[in-house]
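Visitor: So the sequence shown is numbered by this note's numbering: it starts at 120 and just counts up by one.
What follows is a single structure, and I will ask about it in a moment.
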Amino acid sequence: MYPLKLKPIYDETIWAGDKLTKIRGVDATTYGTSWEVSAHPYCQNEILNGEYKGKTLQDLLVDYPKAMLGNVSKEKILRCAFLDAQGDLSIQVHPYTEYAKKHDNDYGKTESWYVLDAQPGATLVAGTKTTDVDVIKKAINDENLEEYLVYHDIKAGDFIHINAGMLHALGGGILAIEVGTNSNTTYRFYDYGRKDASGNGRELHLDKSFDVVDLKLQSSVIHTPLENNETTKTKTLIDCDDYIVEVIDVVGEIDLQTNGSFNTLTFVHGGGEIEYNKQSIKNDYTDSLFIPAACDTYKVKGNCRVLRSYVKD
Numbered sequence: 120m121y122p123l124k125l126k127p128i129y130d131e132t133i134w135a136g137d138k139l140t141k142i143r144g145v146d147a148t149t150y151g152t153s154w155e156v157s158a159h160p161y162c163q164n165e166i167l168n169g170e171y172k173g174k175t176l177q178d179l180l181v182d183y184p185k186a187m188l189g190n191v192s193k194e195k196i197l198r199c200a201f202l203d204a205q206g207d208l209s210i211q212v213h214p215y216t217e218y219a220k221k222h223d224n225d226y227g228k229t230e231s232w233y234v235l236d237a238q239p240g241a242t243l244v245a246g247t248k249t250t251d252v253d254v255i256k257k258a259i260n261d262e263n264l265e266e267y268l269v270y271h272d273i274k275a276g277d278f279i280h281i282n283a284g285m286l287h288a289l290g291g292g293i294l295a296i297e298v299g300t301n302s303n304t305t306y307r308f309y310d311y312g313r314k315d316a317s318g319n320g321r322e323l324h325l326d327k328s329f330d331v332v333d334l335k336l337q338s339s340v341i342h343t344p345l346e347n348n349e350t351t352k353t354k355t356l357i358d359c360d361d362y363i364v365e366v367i368d369v370v371g372e373i374d375l376q377t378n379g380s381f382n383t384l385t386f387v388h389g390g391g392e393i394e395y396n397k398q399s400i401k402n403d404y405t406d407s408l409f410i411p412a413a414c415d416t417y418k419v420k421g422n423c424r425v426l427r428s429y430v431k432d
């Protein structure tokens with residue numbers, strides 16, 4: 120096994136921005152989502168380098184589960200995707216695993232966002248100002264739910280964790296990398312009364328949303344502004360049952376261990392090299408990799424910031 124570079128898979132959305140496509144030189148303005156690391160049935164990334172080039176991440180999970188995942192069970196593999204929002208995303212909520220398995224044949228969805236770029240005044244939603252379900256239902260009918268949402272001001276380098284059951288939405292003008300559990304189940308709760316070209320609103324999933332929403336859930340933004348560090352620094356952003364996310368400011372190089380679990384890496388500022396078994400893999404800004412558990416120790420080299428995610432074994 121070796122560090123795997125993966126081919127992004129782009130999804131068109133009505134709220135798409137062009138920050139990511141400009142960075143990557145992709146001639147498109149309708150791609151709001153880019154799946155970076157995924158073995159989910161909806162989206163399975165193809166490997167771009169080495170012996171397994173052309174195979175999918177899912178292919179290797181089937182053929183080499185122990186080498187890929189170590190001591191981690193397959194259902195706990197993570198999913199990473201860029202969200203590039205020109206407009207506001209709908210207010211949404213994700214289910215817990217028990218509910219998702221029963222109603223959508225999927226896993227529950229807990230996720231975290233790290234912001235790479237944000238225009239001045241950008242915000243996101245995480246939580247509500249009231250725990251009264253009846254108040255929220257009336258606000259939806261009156262199309263004034265915004266009055267009861269908790270808005271957070273956002274800048275580049277910010278991080279926020281979104282538990283299953285929490286109302287949330289990314290705001291316009293933000294490019295973020297999302298790390299989360301292996302699920303693609305989202306319930307649209309509120310869409311600001313927006314209409315498409317035919318005058319139709321997008322489908323809402325209110326019955327399921329109210330089954331799973333927990334209005335007591337709140338979250339806080341963690342600020343990690345870029346600094347001129349003289350040495351490499353690592354900061355843990357979230358350590359929960361589903362995964363751990365770290366931001367690593369690399370100055371020169373750092374040795375990292377998989378410790379019995381796969382790793383995912385995304386270059387969120389600058390580019391750099393991944394060195395393993397005397398082989399070097401060049402990476403540009405926004406590139407993502409899957410590091411199989413069997414790699415044990417690998418090196419990140421350069422002057423860059425990487426986001427690392429993994430699961431406790």
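Ideal Cβ positions, reconstructed from N, Cα and C, are used throughout, including at glycine.
1) Opposite Tyr400 in the DSSP bridges: which residues?
2) Can you look up Asp326 in the DSSP assignment and give me helix, strand or coil?
3) Going by DSSP, which residues form a beta bridge with Leu268?
4) Would you list the residues sitting across from Ile293 in a DSSP beta bridge?
5) So, helix, strand or coil for His213, using DSSP?
6) Here's the rule: buried if 16 or more other CB atoms are within 10 angstroms of the residue's CB, otherwise exposed. What is Gln211?
7) Which same chain residues, not among the five before or five after Lys172, have their C-beta less than 6 Å away from its C-beta?
8) In angstroms, rounded to a whole number, what distance separates the CA positions of Thr377 and Tyr417?
9) Looking at Gly390 and the ligand SAM, is the gap between the Cβ and the nearest heavy atom below 6 Å?
10) Count the other CB atoms, across all protein chains shown, that sit within 10 Å of the CB of Val298; report buried if there are 16 or more and exposed otherwise.
11) Would you kindly check if the distance between the Cβ of Gly379 and the Cβ of Gly421 is under 7 Å?
12) The beta strand (DSSP E) with Thr385 in it runs from where to where?
13) Note down, in chain order, each residue of its chain lying with its Cβ closer than 7 Å to the Cβ of Leu336, except the 5 sequence neighbours on either side.
14) In this structure, does DSSP put Ile363 in helix, strand or coil?
15) Evaluate contact between the stretch 317–327 and the stretch 229–241, counting only Cβ atoms and requiring at least three cross-stretch pairs below 8 Å.
16) Taking Arg143 and Thr355 to be in contact with their CB atoms under 8 Å, please state how far apart those CB atoms are, rounded to whole angstroms.
17) Taking only the alpha-carbon atoms, compute the straight-line gap between Tyr309 and Asp330 and give it to the nearest angstrom.
Guide: On the basis of the data shown:
1) One point to set straight first is that residue 400 is Ile, not Tyr, in the sequence displayed. Ile400 pairs with Ile393.
2) DSSP places Asp326 in helix when its eight states are reduced to three.
3) In DSSP, Leu268 forms a bridge with Thr247.
4) According to DSSP, which records beta bridges pairwise, Ile293 is partnered with Ala204 and Ala237.
5) Coil at His213, not helix or strand.
6) Buried.
7) The residues Ile166, in chain order, have a CB closer than 6 Å to that of Lys172 in the same chain once the five nearest residues on each side in sequence are set aside.
8) Spanning the two alpha carbons is a distance of roughly 8 Å.
9) Of ligands this structure carries none, so the ligand SAM is not represented either.
10) For Val298, the number of other beta carbons within 10 angstroms of its own is at least 16, and it is reported as buried.
11) The answer is no: Cβ separation not under 7 Å.
12) Unbroken beta strand (DSSP E) run through Thr385: Asn382 to His388.
13) Around Leu336: Gly246, Asn282, Gly284 and Met285.
14) Strand.
15) Verdict: no, contact absent.
16) About 29 Å separates the Cβ atoms of Arg143 and Thr355, ruling out a contact at the 8 Å cut-off.
17) Rounded to whole angstroms, Tyr309 to Asp330 spans 15 Å at the Cα level.
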